[in-house]
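Taking it in order: structure first as structure tokens, then the write-up.
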Amino acid sequence: MYPYKLVVIDLETTGNSPKKGEKIIQLSAVIIEGGKIIDQFTSFVSPGKPIPVFIEELTGINDEMVKGAPAFHEIAPKILELLDHGVFVAHNVQFDLSFLQAELEEAGYNPFTGPAFDTVELAKVALPSADSFKLTELSNSLELSHVRPHQADSDAFVTAEILLYFIEELSKLPLVTLEKLCKLSKHLKSDLDLLFDSIVIEKQKHIEDLSDELEVYRGLALRKKSHFVTSDEARHFHEPDIEEHLAQHVPFYEKREQQMEMIHEITRAFHDSKHIVIEAGTGVGKSLGYLWPAVMFAKSNKEKVVISTYTIQLQEQLLHKEIKLLEKISPIPFRTVLLKGKNHYINLFKFEQSLREDESQYDVVLTKMQILVWLTRTESGDMDELNLTSGGQLFWNRLKHDGWHLAHTKDPWVGKDFYLSARKNAQEADIIITNHSMLLTDMVRESSMLPAYEYLVIDEAHHLEKSARQHLGIIMDYLSIKFNTSQLGTLDHKQLFYRLDQLLTSHSVDLGTHAFELDAKIGQFYMDLEEAISVLTSVFYKKAKKRTGIQKIQLRITDEMKKSSYWQPVVMSMERVISGMKYVEREFQQALDTIKEKKIKLLDKEKALIEEFFSFLVDWTELRTNFQTVFLNKLNNHVLWLDGDTRSLPNSLSIQSQPITVDQDLQSEIFAKKKSVVLTSATLTVSGSFNYFLNEIGLIDKGVKQLQLTSPFDYNEVSRLFIPTDVPEIQQVQNEEYIEAISSHLIGVAQATKGRMLILFTSYDMLRKTYELMKESGLLEEYVLMAQGITSGSRTRLTKNFQRFEKAILFGTSSFWEGVDIPGEDLSCLAMVRLPFSPPDDPVNQAKSDILKAQGKNPFSAHSLPEAIIRFKQGVGRLIRRSSDRGIVIVYDRRVMTTRYGKAFLQSIPSMEVKEGDLVDLVSLIDDWL
């Protein structure tokens, strides 16, 4: 076990910075010796200043509790005695150690000079797939008791338990993995190399018994892959009565008529080779509603059924929850596989070679360590399982799978390849789960990744049109262009070109062009690229509409603009870039082909370099083709626009192009080619009609079966919709005045609901201003306000934090209108600041409007209104997720009552009581009803 004394410390403080005079209010130290917790010292500390309200809300520590507590200088000798000859350990060690050092110095003591371990850093290595490395989330996922989060005694004790758990888990790793980790750990930020050294020394004392689940190949420990066992059990198989079956096998099973209808209709559609579109309201049990018929049909007809979702969350949920349940209750075994695009999978050959490079860059080292541990646990090799830093994501680009340039039999890892294994499993599977992105990529690719299939279920189908537009479109941003092209480098840069040149020289391969000539061409290309971006940025900045106080700008580029005199310099400079790119492509493709044709005997590291260069050329060619499409070709049914932020051009510049409509593509590539496609979602109809949705995806007038299944929840019982009368109409006042009115109203509501409130906005700018006004009001001191794009963290992270705090208010824009699942007690009030119409100047909207006008249609009623109604339905759907939920929806946009089209919004959501009134009425409704 670990030979040193470990002292795990946690501090609670009045703020984040000791330099700004912030102070410690509580300190706890847990002592670990010989692998066991042997002692704990905890004390409140008098900070000599009041504790801020936010800190009191977070920690539960108030001025009363620290009243008679010792000052820091009184407990300093005790702390130094505990730390003597020990290792300082903390969760985010930089924070606790720097705070402690500042207090020691102020009290006249020498700082602590011993080694320090950071358990955040250790968590990233030991649990590379954890959703979060925060203390609370880690203790929850490891099922450790964490009684009072954000109090030092509880935090320090849990950190100590987590540390012991990590040491135990790491000790179980094979020696080959530990030795590699040990070597890499010298470059970590905290002194964890001491820990890895001691684990390796301990491990070397015994003869290792490798677990049956692992194998070691070429010095890397991997988890063995489990392959499907084939059998012909389906021969004499009869579909059971589903209801009877569910009742027997699912505890507390409640029959849902709507779910039964969905199962029967999908079964019929599969048997009759027909397409069907189904809107299934919240609570219908949609996933099981299509999975059961899919599995039964696949097994009894020896067919594959592909299930496509929009989000990764839903894929995970299907695999880990619904499919697991079906495996338990299905009368017949079936095989499911999750299949993603090839660059989601790791290329083991490239990774093996990267371990031979002496790289000390922190993110690269950390990512290599994470992958080494992950390889002993993953069966899929799918990078989405890893929780990488942003620098780690960039390093992953070097390791991702791109197919092979050399014959893949030359790759020593081909037998262990994750991508080939996933494809093999897909060939043998009954159910293949994938996402819209992969489904659509497959649609436009010559060689298909998905095995042949005729039956398809598209869940979250309201996203299909948007996904298809994004997928058949182009998106490029300045930073990625810069990063991807810089991988080549001139000879001085010692990047890919330099490394390939060395390889060619060592094997006496002579290319027609001399390296110096090629070097000069590459140097010229970099100058041309900077010049072209500079010309483009200048046109963008001059021509884009700027609005006071808003830094984000956008410019749609039309065919007319492309003919204008100011656009010509963009075209000319881009032509030079494209010509330079073609030259580079030709020369290097020739070099790679020569190496392949001459059958040169290559070392492994040289083979890996060739594969890395091949991957680079794939990306390079794609970028060149995109430049050509966007800048030199006619738009033909595409919309092109530039986005950016005036504070950071060209860094924030992005270039996007999308087809304006995708109905014909979807019709010819999916619906015409498949026997039966099921399209389902909770939000597909507008005022009871599927026409808008069917029109967008090319299925209008195609005789598609339509089924609308309402939610089994009684919304009149569990929800109310309230429309305030004391807020001005949004069209009739300035934006600033509207925001002020909304903010003061929302403060009153928040105080009545005690937080537990989600506020949805349609523009980030309005969100930011409302958030700032509410925060600065001083009336919500004891509330935690969290806002998308302001509070750090992903959507999932913000949602989890929202659930952790008693009095929380969450501000969200577009992506929060859907896909956020906050069950029960945590959310009781949903406020919509305005109806979710897309901004009129949105380039795709403008282009769609132009087409609709040309067809003699009204763009508002044919597109803008139905699109907003579907989003509105998504928003309302956030509130009631379970039959036991209760809640209030507040719609601040009075157009829902004052306009003719407002009724369409209310008709499209489940029937619930609608009330109008002022803030006093609303507060009394909240008091009575919640």
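Here the sequence shown stands for residues 187 to 1116, numbered as in this note's numbering.
Built from N, CA and C at the ideal position, the CB exists for glycine as well.
- Message: Quick check on the DSSP output: the beta strand (DSSP E) that includes R409 runs from which residue to which?
- Response: L406 to R409 is the extent of the beta strand (DSSP E) around R409.
- Using the C-alpha atoms, what's the distance from E291 back to I708? 55 angstroms
- Task: Quick one: residues in its chain with C-beta nearer than 7 angstroms to the C-beta of E923, no 5 flanking neighbours on either side, listed in chain order?
- Result: P914
- Task: Would you list the one or two residues that DSSP bridges to I617?
- Result: V491 and T522
- Message: Between the alpha carbons of S516 and V436, how many angstroms are there, rounded?
- Response: 11 angstroms
- Message: Could you compute how far the alpha carbon of L965 sits from the alpha carbon of V239?
- Response: 12 angstroms
- Assign P236 to one of two classes, buried (16 or more other C-beta atoms within 10 Å of its C-beta) or exposed (fewer than that). Counting other Cβ atoms within 10 Å of its Cβ, P236 stays below 16 and is therefore classed as exposed.
- In this structure, does DSSP put F274 in helix, strand or coil? strand
- Message: Short of 7 angstroms in beta carbon distance, which residues of its chain neighbour K205, apart from the five on each side in sequence? Order them along the chain.
- Response: Cβ contact annotation for K205 (same chain, cutoff 7 angstroms, sequence separation greater than five): none.
- Scan the region 559-590 and note each continuous alpha helix (DSSP H) run of 4 residues or more that stays entirely inside, going in chain order. 576-585
- What is the DSSP secondary structure of Q280, counted as helix, strand or coil? helix
- Query: How close, in whole Å, do the beta carbons of Q740 and W827 come, if the pair is a contact with beta carbons under 8 angstroms?
  - Reply: 6 angstroms
- Query: Taking Cβ positions, are R906 and E1102 nearer each other than 8 angstroms?
  - Reply: no
- Message: Using the Cβ count rule (16 or more neighbours within 10 Å means buried), how would you classify F343?
- Response: If you draw a 10 Å sphere on the C-beta of F343, you find 16 or more other C-beta atoms in it, and that means buried.
- Task: Please specify which runs of the alpha helix (DSSP H), each continuous and at least 4 residues long, are wholly inside the region 228-315, giving them in chain order.
- Result: 239-245, 258-269, 279-292 and 305-312
- Item | For F352 and A312, believed in contact at Cβ under 8 angstroms, the rounded distance | 4 angstroms
- Query: In or out: Q1060 buried (at least 16 other Cβ within 10 Å) or exposed?
  - Reply: buried
- Could you check the C-alpha separation between L1013 and E242 for me, to the nearest Å? 23 angstroms
- Message: Going by DSSP, what residue range makes up the alpha helix (DSSP H) through Y641?
- Response: First-last for Y641: Y641 to I644, but that is the beta strand (DSSP E), not the alpha helix (DSSP H).
- Message: Helix, strand or coil for R1020? Go by DSSP, reduced to three states.
- Response: coil
- Message: Report the start-end ranges of each beta strand (DSSP E) in the region 442-501 that is 3 residues or longer and not cut off at the edges.
- Response: The region 442-501 is shown to contain whole beta strand (DSSP E) runs of 3 or more residues at 462-466 and 491-495, in chain order.
- Can you check DSSP and say which residues form a bridge with A973? F997
- Task: If I'm right that T363 touches V559 with Cβ under 8 angstroms, what's the distance once you round it to whole angstroms?
- Result: 7 angstroms
- Determine contact between the region 768-785 and the region 564-577, defined as no fewer than three beta-carbon pairs at a distance below 8 angstroms. no
- Among K264, D790, V935 and T896, which one has its Cα closest to the Cα of P542? For clarity, residue 542 is Arg in the given sequence; the question names Pro instead. Selected option, being the one with the closest Cα: D790.
- Item | Assigned exposure category for A338 - 16 Cβ within 10 Å defines buried | buried
- Task: Could you tell me which of K264, H277, M446 and E250 sits nearest to P898, measuring between CA atoms?
- Result: M446
- Rounded to a whole number of angstroms, what is the C-alpha to C-alpha distance between P301 and E388? 20 angstroms
- Would a C-beta distance cut-off of 8 angstroms place A936 and Y969 closer than the cut-off? yes
- Message: Going by DSSP in three states, D831 sits in which element: helix, strand or coil?
- Response: D831 falls in the strand class under three-state DSSP.
- Task: Please classify K206: does DSSP put it in a helix, a strand, or coil?
- Result: helix
- Task: Note the first and the last residue of the continuous alpha helix (DSSP H) segment covering P1052.
- Result: L1051 to V1062
- Message: In whole angstroms, give me the CA-to-CA distance for E440 and E465.
- Response: 21 angstroms
- Exposed or buried, what is F274 when buried is set at 16 or more other beta-carbons lying within 10 Å of its beta-carbon? buried
- For H392, which of helix, strand or coil comes out of DSSP? coil
- Item | Opposing strand residues paired with V630 [DSSP bridges] | BP columns for V630 are empty, so no partner.
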